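Read through the structure below, which is laid out as C-alpha cells, and then see the notes.
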Amino acid sequence: MSLLQPVFDIVLGLALLWLAWRAVASPDLFRGIVLFIAFGLVMALVWVRLDAPDIALAEAAIGGGLTGALLLATLARLESGGGAGTGRGKDRESEPNDE
Amino acid sequence: MNTALLYALVGAGLFFLGLYALIVHAHLLRKILAINVMGSGVFLVLVALAARTGEAAPDPVPHAMVITGIVVAVSATALALALALRVQAETGRAELPEEPLE
Amino acid sequence: MAREPGGEKIVNPNPMMSNGNNCQRLFRLLLGLLLAVLAAGLGYVLSSLPSPAPGLSKPVAEHLEASGVSNPVTAVLLNYRAYDTLLELGVLLLAPLGVWSLGVAARHREPLVDPVLDMLARLLVPMLILVAGYLLWAGAHAPGGAFQAGSVLAAAGVLLLLSGWWPGPAFSGLPLRVSLTAGPGVFLVAGVALMFAGGRMLEYPPPFAGALILLIEAAATWSIGITLAALFAGGRPVAGPHR
Chain A
1 MSLLQPVFDI VLGLALLWLA WRAVASPDLF RGIVLFIAFG LVMALVWVRL DAPDIALAEA
61 AIGGGLTGAL LLATLARLES GGGAGTGRGK DRESEPNDE
Chain B
1001 MNTALLYALV GAGLFFLGLY ALIVHAHLLR KILAINVMGS GVFLVLVALA ARTGEAAPDP
1061 VPHAMVITGI VVAVSATALA LALALRVQAE TGRAELPEEP LE
Chain C
2001 MAREPGGEKI VNPNPMMSNG NNCQRLFRLL LGLLLAVLAA GLGYVLSSLP SPAPGLSKPV
2061 AEHLEASGVS NPVTAVLLNY RAYDTLLELG VLLLAPLGVW SLGVAARHRE PLVDPVLDML
2121 ARLLVPMLIL VAGYLLWAGA HAPGGAFQAG SVLAAAGVLL LLSGWWPGPA FSGLPLRVSL
2181 TAGPGVFLVA GVALMFAGGR MLEYPPPFAG ALILLIEAAA TWSIGITLAA LFAGGRPVAG
2241 PHR
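Note that the protein sequences, when read in sequence, are chains A, B and C. For the first sequence, this note's numbering assigns the number 1 to the initial residue and increments by one for each residue that follows. For the second sequence, this note's numbering assigns the number 1001 to the initial residue and increments by one for each residue that follows. For the third sequence, this note's numbering assigns the number 2001 to the initial residue and increments by one for each residue that follows.
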C-alpha cells in the first residue's frame, strides 16, 4: 500500500501535464476546451490528494464546469461569425435603453 | 521526493507549459486557455507548498488564497472572453496580427 | 528523482503551423530552451525549500475557537483574512461591470426545445440549490463555504440559461443589481458597523462571530452565484419586452 500512493501521484501528475499540453496544442479548439475541462476535473482529484477538500469542491464546480461552459459558449459565438449581440450593442438603435 | 515536492514540480511545469503556449499561439481563445493553465500551475505550487507540514493538517492560509484565486480567475476569464468577442466584432478575426520578424 | 518539468515536452513543432519559416522555428526553439532553463531553475528552488514547514497552521489552530467556526479554511477566509475576501468580492463585482460595458447578452431568439435538456434542468436545478444550501451551512465545520456554494448556485444558473429559462425584465432590473452587490455590500456594512460598535473594522466579537460569518457567507453565496451566472450570460441585460 505504501508504494501505491507515490505511483498514483506520479500518474496524476503526468496526466495533468499531458492533458494540459494536449489542451493548448490541439489544432481543434473544441477538443482543446473539452480536454481543458478534463484537466480541471483531474486537478480536483489532485486537490484531494493534497488534503485540500475545500479547493477540490471549488475546482470541480468552477474549473470543471463554469470555465468550460464559458469557453464553449464563446467558441460557439466566435464561430457563428462575430458574436451577434455583443459587439454591436452600442450602435443598434433598436436596443432599448438600459439604466 | 515526497508528494508535495512532486506536485510543486508539476505545477511549475504547467506554468511554463502555459507560458510557452501563451507566447507562441496567436488565437485569442488559445491564449486564454494558456493563461488558465498557467493559473492552475501557480495554484498547484501554492497548495503543494502548503502541504509540507508533515503529519499535521496542511497550512490553511494558501488554501484560502487559492479558493479566492480560482473564483477571480474564472471572472477574469469571462472578461477576457468578452473582450475576445469584441475584438472579433471590431476587426473580424479572433487572432492577434502576426508581426513580421526582422 | 530529478525531472525537468515540462521543458522538453513542449519543444514540438506547433501542429497549427503548416509551414513555419526558419525564423519562427528558431524563435520557438530558443523560447522553449529559455523556458526549460527557467523551469529547471524553479524546480531547483522548489526542491531546496525546507521540507517540513508548518507555515501558519499552528497560529490558525490556536485561535480557532475564538473565530466562530471550526473549519480552518473558512476561519482564514472569513475571519483572519476577512479584508482580503472583502476585496476579492469587490473584484468579483468588477468583472460583470466590464462584461456589461462590452455588449448585450446574446439570448437566442428561439429557445432550445431539447426535451432531455429541459428535463435535466428541471431535475438538477432544485438539487443544485439544495446542495448549495448544504455547502453554505456545512462550511462552518466541514469542507464547504461561500465560494463553493456560490459556484454550485452559479452552475444551476448556467443550466437554467442554457435550457432557455432567462429571467424576465422584472428580475433583470433592480433585483439583479442588488443581487450582484449584496455580497460585498453586506460584508462592507458589517465591517463598518463593527467599527462603529467599538472595535476595529471587521473585528468580530467572539460570541457573535459564527452568526456574523454565516450572514456574510449567505449574502456572498447569493452574490457569487448571480455574478458567475451573469458572466455566462455574456452581456448586459436587454431591458424592455422580449419577443
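Ideal Cβ positions, reconstructed from N, Cα and C, are used throughout, including at glycine. Being a predicted model, the structure only gives us computed values, none of them experimental.
- Around the C-beta of ALA2170 (chain C), fewer than 16 other C-beta atoms lie within 10 Å, and the residue is accordingly described as exposed.
- Here THR1091 (chain B) is exposed: its Cβ has fewer than 16 other Cβ atoms, across all protein chains shown, within 10 Å.
- The count of Cβ pairs closer than 8 Å, one atom from the stretch 2136-2155 of chain C and one from the stretch 1047-1061 of chain B, stays below three, leaving the stretches out of contact.
- Judged by DSSP secondary structure, SER2151 (chain C) falls within the alpha helix (DSSP H) whose first and last residues are 2146-2162.
- Around the beta carbon of ALA76 (chain A), fewer than 16 other beta carbons lie within 10 angstroms, which makes this residue exposed.
- Remark: three or more beta-carbon pairs, one from each stretch, lie closer than 8 Å, so the stretch 1022-1035 of chain B and the stretch 24-40 of chain A are flagged as touching.
- In the structure shown, HIS1027 (chain B) falls within a strand segment according to DSSP collapsed to helix, strand and coil.
- Closer than 8 Å to the CB of GLU2062 (chain C) there is not a single CB belonging to chain B.
- Taking ALA1012 (chain B) as the centre and dropping the five residues before and after it, the same chain places the C-beta of GLY1041 and VAL1045 closer than 8 Å to its C-beta, in chain order.
- Here the C-alpha atom of GLY40 (chain A) lies approximately 5 Å from the C-alpha atom of GLY63 (chain A).
- For TRP2100 (chain C), the enclosing alpha helix (DSSP H) begins and ends at 2082-2100.
- With distances taken between CA atoms, VAL2091 (chain C) lies nearest to C:ALA2220 out of C:VAL2158, C:GLY2234, C:PRO2237 and C:ALA2220.
- Leaving aside the five residues that flank ALA1008 (chain B) on each side, the residues in its chain whose CB is nearer than 7 Å to its CB run, in chain order, VAL1045, ALA1048 and LEU1049.
- DSSP places ARG2236 (chain C) in the strand class (E or B) of the three-state scheme.
- In the DSSP assignment, GLU1095 (chain B) forms a beta bridge with B:HIS1027.
- At least one CB of chain A lies nearer than 8 Å to the CB of PRO2143 (chain C).
- Within chain A, the residues placing a beta-carbon under 8 Å from that of GLN2148 (chain C) are ASP54, LEU57, ALA58 and ALA61, ordered along the chain.
- When C-beta distances to chain A are compared with 7 Å, the residues of the stretch 1065-1081 of chain B below that value are VAL1066, ILE1067, ILE1070, VAL1071, VAL1074, THR1077, ALA1078 and LEU1081, in chain order.
- Using a 10 angstroms sphere on the CB of TYR2044 (chain C), the tally of other CB atoms stays under 16, which defines it as exposed.
- The CB of ALA23 (chain A) comes closer than 8 Å to the CB of LEU1033 and VAL1037 in chain B, given here in chain order.
- When the Cα atoms are used, VAL2113 (chain C) and TRP2165 (chain C) turn out to be separated by approximately 11 Å.
- Between the alpha carbons of ALA38 (chain A) and THR1003 (chain B) lies a distance of about 22 Å.
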